[in-house]
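Residue numbers (our numbering): 798 to 1269.
Okay, so here's the structure we're looking at.
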Amino acid sequence: METREKCGVVGVSVPGKGAAPYLYRGLRALQHRGQESAGVVTSSHGQLYTRKSRGLVHEVFDREALETLRGSIGIGHVRYGTTGIMEEDTVQPLNVGMGDDELALGHNGDLVNFRRLRTRLTAMGVEFLGSSDTEAMGQLIAHEFSRSRDMATAIRRAMVEMSGGYAVTLLHGNRLYGFRDPLGIRPLCLGTLEGGYALASESVALELMGGKLVRDVAPGELIAVERGNVLHTSKGTPSARRLAHCMFEWVYFSRPDSIMDGKLVYEVRHRIGTRLAREGPVSADVVVPVPDSSRPQALGFAEAAKIPYAEGLIKSRFVERTFILPDQKRREEEVRVKLHPLPGILRDKRVVLMDDSIVRGTTLREIVSMVHEAGAKEVHLRVGCPPIIAPCYFGIDMKERKELVAFQRTEEDVAKLLGADSLRYISLPGLIESIDLSERSLCVGCLTGRYPLDIPQEHQRFQRQLSDFTSG
């Protein structure tokens, strides 16, 4: 079974300076996007230097490791796997041989036509070492390079063949490339850095490397950088029809201090809370966020509803984000280690518990139980994302309908299942208004079951999973 991931990528070209320290800082800024593995590949005079392993960024790289990564140009990657399987071939960046040549790439997203691409490449004699769609992407680009002998041409041709959500940094020789899927599902931005340029999944990584955001990489755009200069960009591909930015980046995944499409993520989340206070009013004594990503929503809700805000759950700084842990058992076990309730805030109170989203609901059920155990009289859940009722095929760990707590359940059903006195999700129009983009500019497939791209075998998968759900 292919492995799929939702990750973070970074790339730098800084003439006269070592790339590795910048990449290290950029990956530290993107650690929230992946905590299973980290890697860096740099280039000096066309020779690639690689360091990658399982673990957090600061565990994989020490001073000695960074000193072995020579060159002023390089790429980095942090990963979390969405299948619960951690294989060595999934640790990125991925190096792909091309005869006497070599490329390296880091990929955030999923290719929905992965199986078709792999079958075609295998028929042409390409041998695969692993099971990831990233390898299929790299091999496709390598194949196109063997025909054109020009990397930019090879990438553009490969992009026409690839269907899905992807943001990629690629290293070949002395050039850094960055490219983004034609619908803009996965984020990627460009910035200036110490006389050169950098690419990253989020603007905050540029800033923490000491750089400055210039702009988002346009959907379908290919950027090439050499010796700190942008050589050329190529915008759009023949398959571009519309935009489909992932709404979950604003709801949960991106850091609140990042800027996407000219919008500060924090402000979007604050507007979500404000809108939800109008859509789901409740008589309560205190608004409490599930830390950390729902704080802006909770503040917006509290201000609009004129209910006091308080930190009723204290989060350990040294525990991973439970949503991106690789299996459900670990997610459940870590909740009580990760969060500790404050009885002095919660006891005898009617609590509005704000969360950014609900996927499976298992960790939130534990949190609601903890709040009750701390003495809360009532717990009213307010959620800054509409019900997630369908799988994500573009890079987020939501593959099975029967695992989604909102699938075929009403708000009242979910509230009862989670042990809450009430539950209200923000409406889809409310979310769209809060993000301030049109629905045709967003991917909301997991909320509606309608996707911006054709998903191979989606109908058959739905029928099979629906049968499993109803018979279980």
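Each residue gets a CB set at the ideal place from its N, CA and C atoms; glycine is no exception.
Buried versus exposed call for residue i [16 or more other C-beta atoms within 10 Å across all chains shown]
i: residue 1160; result: buried
i: residue 803; result: buried
i: residue 901; result: buried
i: residue 829; result: buried
i: residue 741; result: Residue numbering for the chain in the displayed model covers 798 to 1269; residue 741 lies beyond these limits and cannot be assessed.
i: residue 916; result: exposed
i: residue 1046; result: buried
i: residue 931; result: buried
i: residue 1163; result: buried
i: residue 1205; result: exposed
i: residue 1203; result: buried
i: residue 962; result: buried
i: residue 844; result: exposed
i: residue 925; result: exposed
i: residue 842; result: exposed
i: residue 921; result: exposed
C-alpha gap between residue i and residue j, whole angstroms
i: residue 1059; j: residue 1108; result: 30 Å
i: residue 1147; j: residue 1218; result: 10 Å
i: residue 1027; j: residue 1076; result: 47 Å
i: residue 1064; j: residue 969; result: 38 Å
i: residue 871; j: residue 1172; result: 53 Å
i: residue 1044; j: residue 1239; result: 6 Å
i: residue 1222; j: residue 1092; result: 16 Å
i: residue 820; j: residue 1142; result: 42 Å
i: residue 1099; j: residue 1074; result: 8 Å
i: residue 1015; j: residue 903; result: 18 Å
i: residue 1054; j: residue 1242; result: 26 Å
i: residue 1249; j: residue 1041; result: 7 Å
i: residue 1151; j: residue 868; result: 46 Å
i: residue 810; j: residue 923; result: 31 Å
i: residue 905; j: residue 887; result: 12 Å
i: residue 838; j: residue 972; result: 13 Å
i: residue 890; j: residue 958; result: 21 Å
Residue span of the alpha helix (DSSP H) that contains residue i, given as start and end
i: residue 999; result: Neither: residue 999 is in no alpha helix (DSSP H) and is coded neither H nor E.
i: residue 1066; result: 1062-1076
i: residue 818; result: 816-826
i: residue 1090; result: From DSSP, residue 1090 is part of no alpha helix (DSSP H); its letter is neither H nor E.
i: residue 1224; result: No alpha helix (DSSP H) contains residue 1224, which DSSP labels as neither H nor E.
i: residue 958; result: 948-958
i: residue 930; result: 930-945
i: residue 1166; result: 1159-1170
Chain C contact for residue i (CB, 8 Å cutoff)
i: residue 997; result: In the structure shown, chain C cannot be found, because there is only a single protein chain.
Assumed close pair residue i, residue j - CB separation to whole angstroms, cut-off 8 Å
i: residue 807; j: residue 823; result: 4 Å
i: residue 1085; j: residue 1095; result: 7 Å
i: residue 1189; j: residue 1153; result: Contact doesn't hold; Cβ gap of about 15 Å is too wide.
i: residue 1253; j: residue 909; result: 6 Å
i: residue 984; j: residue 964; result: 6 Å
i: residue 992; j: residue 812; result: 6 Å
i: residue 1215; j: residue 1165; result: 5 Å
i: residue 1057; j: residue 1089; result: Actually they do not touch by this definition, with Cβ atoms about 18 Å apart.
i: residue 999; j: residue 1052; result: 6 Å
i: residue 852; j: residue 834; result: 7 Å
Run of the beta strand (DSSP E) containing residue i, from where it starts to where it stops
i: residue 976; result: 972-977
i: residue 1311; result: Since the displayed the chain opens at 798 and closes at 1269, residue 1311 lies outside it and no answer follows.
i: residue 1052; result: Segment: none, residue 1052 is in no beta strand (DSSP E) and carries neither H nor E.
i: residue 1086; result: 1083-1086
i: residue 804; result: 802-810
i: residue 1112; result: 1110-1112
Paired residues, beta bridge with residue i - DSSP
i: residue 989; result: 994, 1009
i: residue 844; result: 841
i: residue 1031; result: 1019
i: residue 910; result: Answer by DSSP bridge pairing: none, since residue 910 is not bridged.
i: residue 900; result: 893, 969
i: residue 872; result: 808, 838
i: residue 1175; result: 1147
i: residue 1220; result: 1178
Residue i Cβ short of 7 Å to the ligand NAP heavy atom set
i: residue 1131; result: Within the structure as shown, the ligand NAP is missing, as the structure has no ligands at all.
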